[in-house]
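Protein chains in written order, with my numbering: chain A, 654 to 1035; chain F, 550 to 696. What follows is a single structure, written as structure tokens, with notes after it.
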């Protein structure tokens, strides 16, 4: 599986709220943008992987783009759906299933938190009846203990959220495009202590797509291909306390992010110090803080000073969520990981405009994390 | 009449306990019990009554109504904020559950807690439905101050 894979086209439908526009129409727009970017037609595409939470299948996109008979395979892996679609597409290309492929993700969530029958994730009905089947409360509990153990302040969480809203204001395709002050973030209603409403991302709508091929073919399509150096997905190990669980073992193990990150660095042959631009899962501001350490960018507790010093700003040494992350873009689950990759490709091509990281970034890093304890890490390079 | 939210605790009982499961092969403990061991995958799980006392590993508040089928606010008009915690019961297992205390200033990491069976809501038939929760244990905290 050592064959290198290239991303030769990217497309992003804006994230936000779009009235009656369907997830399929957004997905088709994203694919069309990606095809145009790659300079290819839908009829050239030989295989596709698509992911969505709300759509039962993504294959109906063919009915909008052209019924060409290609294999179109559905991927679902909660918040890691889009990263999984990229990984499966890459592996199919390596296996020779085709020469030109599309990975697409799209979603159109109803307002408010996600509604699901807990038995669909093998949790008992009483877990939801008792008020425990709430993803956000897991994040509240995790950051609450983390702050206690590692000396992270609530002010740091406000700074992280404010940074992501500021970055979102520079992104024409973001959902939240107005800066929010740290004071307003701190004084907003507490949803899950210590996290306020402005510290959380919201489920919303959007789509994103990439066109991929084997690296040896990339220059036939693009003079600026971006290479997929690693894509690793890990589920939780015994001992990890994760989303959607009523118990945890006494002996603690690391979060799946730690495992996915280490595996991705090894696969890519790089370390955290080599990374120039970073996308982390900021379901909430606390998650971004924790993920900084879990992905190797600092030691536990160092976030307090790094964030205060502006290290994670676009102009800092650790630019994180330069497009505003989930906090400013929201989370259409099927598309979220592809939105991260879209931003990294723009940054590595030097096409990120007002939010361009200076110094010609060469290596980009993206991490997603979600229920029931699944993490994916993708590493890209020029 | 009283009903239980689910048959996951002993009741009525002078000293109620949560009903967990223990793998007779590798000693992994779960709550509630399940058909297979989460560590070794064997079908050797046996029922285990969990310790009633423990410590508060972490906690948060629930400031908005959880989605249906949340049972604590059947009409959707009388939601009351509550707190949820992860508690370590003895040296056996950690369990996630509601807390009887929701004031952040009164919730202290590693403080002693005790299992409590508490009224949760009244159902359509007019019956009181009981659930399990964890209560900060003032008696224990006099013996050893929480850190």
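We put the CB at the ideal spot given by N, CA and C, even for glycine.
Just confirm the distance between the C-beta atoms of residue i and residue j, as a whole number of angstroms; I'd bet it's less than 8 Å.
{"i": "residue 985 of chain A", "j": "residue 859 of chain A", "result": "4 Å"}
{"i": "residue 998 of chain A", "j": "residue 1033 of chain A", "result": "7 Å"}
{"i": "residue 867 of chain A", "j": "residue 658 of chain A", "result": "6 Å"}
{"i": "residue 864 of chain A", "j": "residue 688 of chain A", "result": "6 Å"}
{"i": "residue 1036 of chain A", "j": "residue 791 of chain A", "result": "An answer regarding residue 1036 of chain A cannot be provided, because it is not within the stretch 654 to 1035 covered by chain A."}
{"i": "residue 737 of chain A", "j": "residue 1029 of chain A", "result": "7 Å"}
{"i": "residue 731 of chain A", "j": "residue 965 of chain A", "result": "Their Cβ separation, rounded to whole angstroms, is 26 Å, which puts residue 731 of chain A and residue 965 of chain A out of contact at 8 Å."}
{"i": "residue 921 of chain A", "j": "residue 882 of chain A", "result": "4 Å"}
{"i": "residue 835 of chain A", "j": "residue 811 of chain A", "result": "4 Å"}
{"i": "residue 761 of chain A", "j": "residue 875 of chain A", "result": "Actually they are not in contact, since the Cβ atoms of residue 761 of chain A and residue 875 of chain A sit about 30 Å apart, beyond 8 Å."}
{"i": "residue 636 of chain F", "j": "residue 899 of chain A", "result": "That belief does not hold up - the Cβ atoms of residue 636 of chain F and residue 899 of chain A are roughly 12 Å apart, past 8 Å."}
{"i": "residue 932 of chain A", "j": "residue 996 of chain A", "result": "6 Å"}
{"i": "residue 711 of chain A", "j": "residue 759 of chain A", "result": "7 Å"}
So, for residue i: in the same chain, excluding its five sequence neighbours on each side, which residues have a beta-carbon less than 6 Å away from its beta-carbon?
{"i": "residue 695 of chain F", "result": "Note that residue 695 of chain F has pLDDT 40, beneath the 50 cutoff, so the model's placement of it is unreliable and the number below is only indicative. Result list for residue 695 of chain F: 657, 659 and 660, in chain order."}
{"i": "residue 654 of chain A", "result": "Reliability of the predicted coordinates at residue 654 of chain A is poor, the pLDDT of 46 falling under 50, and no value is obtained from them."}
{"i": "residue 925 of chain A", "result": "949 and 950"}
{"i": "residue 905 of chain A", "result": "892"}
{"i": "residue 754 of chain A", "result": "700, 742, 746 and 865"}
{"i": "residue 591 of chain F", "result": "574"}
{"i": "residue 770 of chain A", "result": "none"}
{"i": "residue 887 of chain A", "result": "909, 912, 913 and 1028"}
{"i": "residue 980 of chain A", "result": "814, 817, 854 and 935"}
Take residue i and list the residues in its own chain whose beta-carbon comes closer than 7 Å to its own, dropping the five residues that flank it on each side.
{"i": "residue 566 of chain F", "result": "558, 559, 598, 599, 601 and 664"}
{"i": "residue 967 of chain A", "result": "820, 975, 1008 and 1010"}
{"i": "residue 682 of chain F", "result": "646, 647, 648, 649, 665 and 667"}
{"i": "residue 851 of chain A", "result": "814, 833, 837, 838 and 841"}
{"i": "residue 719 of chain A", "result": "695 and 696"}
{"i": "residue 583 of chain F", "result": "570 and 594"}
{"i": "residue 844 of chain A", "result": "789, 850 and 853"}
{"i": "residue 568 of chain F", "result": "557, 558, 559, 581, 582, 596 and 598"}
{"i": "residue 698 of chain A", "result": "723, 753, 754 and 755"}
{"i": "residue 960 of chain A", "result": "809, 812 and 813"}
{"i": "residue 927 of chain A", "result": "1016"}
Per DSSP, what are the beta-bridge partners of residue i in this structure?
{"i": "residue 937 of chain A", "result": "A/853"}
{"i": "residue 602 of chain F", "result": "F/663"}
{"i": "residue 647 of chain F", "result": "F/633 and F/682"}
{"i": "residue 730 of chain A", "result": "A/732"}
{"i": "residue 575 of chain F", "result": "Bridge partners of residue 575 of chain F: none, in fact."}
{"i": "residue 641 of chain F", "result": "For residue 641 of chain F, which the question treats as bridged, DSSP gives no partner whatsoever."}
{"i": "residue 1027 of chain A", "result": "A/888 and A/1023"}
{"i": "residue 594 of chain F", "result": "F/572"}
{"i": "residue 846 of chain A", "result": "For residue 846 of chain A, which the question treats as bridged, DSSP gives no partner whatsoever."}
{"i": "residue 1018 of chain A", "result": "A/931 and A/1032"}
{"i": "residue 608 of chain F", "result": "F/634"}
{"i": "residue 900 of chain A", "result": "F/644"}
{"i": "residue 1000 of chain A", "result": "Beta-bridge pairing links residue 1000 of chain A to no other residue."}
{"i": "residue 553 of chain F", "result": "F/679"}
{"i": "residue 671 of chain F", "result": "F/677"}
{"i": "residue 558 of chain F", "result": "F/567"}
Note down, in chain order, each residue of its chain lying with its Cβ closer than 8 Å to the Cβ of residue i, except the 5 sequence neighbours on either side.
{"i": "residue 631 of chain F", "result": "610, 611, 621, 647, 648 and 651"}
{"i": "residue 679 of chain F", "result": "551, 552, 553, 554, 560, 666, 667, 668 and 669"}
{"i": "residue 832 of chain A", "result": "815, 818, 819 and 822"}
{"i": "residue 682 of chain A", "result": "664, 666 and 860"}
{"i": "residue 577 of chain F", "result": "571, 586, 587, 588 and 589"}
{"i": "residue 944 of chain A", "result": "910, 933, 934, 935, 1020 and 1022"}
{"i": "residue 848 of chain A", "result": "789, 792, 793, 796, 810, 937, 938 and 939"}
Taking 7 Å as the cut-off, is the C-beta of residue i nearer than that to any heavy atom in the ligand PLP?
{"i": "residue 885 of chain A", "result": "Within the structure as shown, the ligand PLP is missing, as the structure has no ligands at all."}
Legend entry - Any alpha helix (DSSP H) of 4 or more consecutive residues that is wholly inside the region 749–832 of chain A: 778–782, 788–803 and 807–822
Legend entry - Sequence ranges, beta strand (DSSP E) only - wholly within the region 854–889 of chain A, length at least 3: 858–867 and 879–888
Inset, instruction - Check each residue of the region 573–598 of chain F: if its Cβ is closer than 8 Å to any Cβ of chain A, include it; give the result in chain order. - result: 577, 578, 579, 580, 581, 587 and 588
Inset, instruction - Please specify which runs of the beta strand (DSSP E), each continuous and at least 3 residues long, are wholly inside the region 655–725 of chain A, giving them in chain order. - result: 658–669 and 700–704
Legend entry - chain F contacts from the region 821–848 of chain A (Cβ-Cβ distance under 9 Å): 842, 843, 844, 845, 846, 847 and 848
Legend entry - Residues, ordered as in the chain, of the region 609–623 of chain F that lie near chain A by beta-carbon distance below 8 Å: 609, 610, 611, 612, 613, 615, 616, 617, 618, 619, 620 and 621
Inset, instruction - Can you check the region 910–994 of chain A for any beta strand (DSSP E) of at least 3 residues that lies completely inside it and give the ranges in chain order? - result: 930–932
Legend entry - Cβ-based contacts, 7 Å cut-off: residues of the region 775–794 of chain A near chain F: 777, 778, 779, 781, 782, 783, 784, 785, 786, 787, 790, 793 and 794
Inset, instruction - Using a Cβ-Cβ cut-off of less than 8 Å, list which residues of the region 898–930 of chain A approach chain F; keep chain order. - result: 898, 899, 900, 901, 902 and 903
Legend entry - Cβ-based contacts, 9 Å cut-off: residues of the region 940–967 of chain A near chain F: none
Inset, instruction - Please list the residues of the region 643–665 of chain F that have a C-beta atom closer than 7 Å to any C-beta atom in chain A, keeping them in chain order. - result: 643, 644, 645, 647, 653 and 658
Legend entry - Interface positions of the region 1011–1032 of chain A facing chain F (Cβ-Cβ less than 7 Å), listed along the chain: none
Legend entry - Contact set between the region 798–813 of chain A and chain F, restricted to residues whose Cβ is under 7 Å from the partner: 798 and 801
Inset, instruction - Could you please tell me which residues of the region 667–684 of chain F, in chain order, have their CB closer than 8 Å to any CB of chain A? - result: 669 and 680
Legend entry - chain F contacts from the region 883–897 of chain A (Cβ-Cβ distance under 7 Å): 891 and 894
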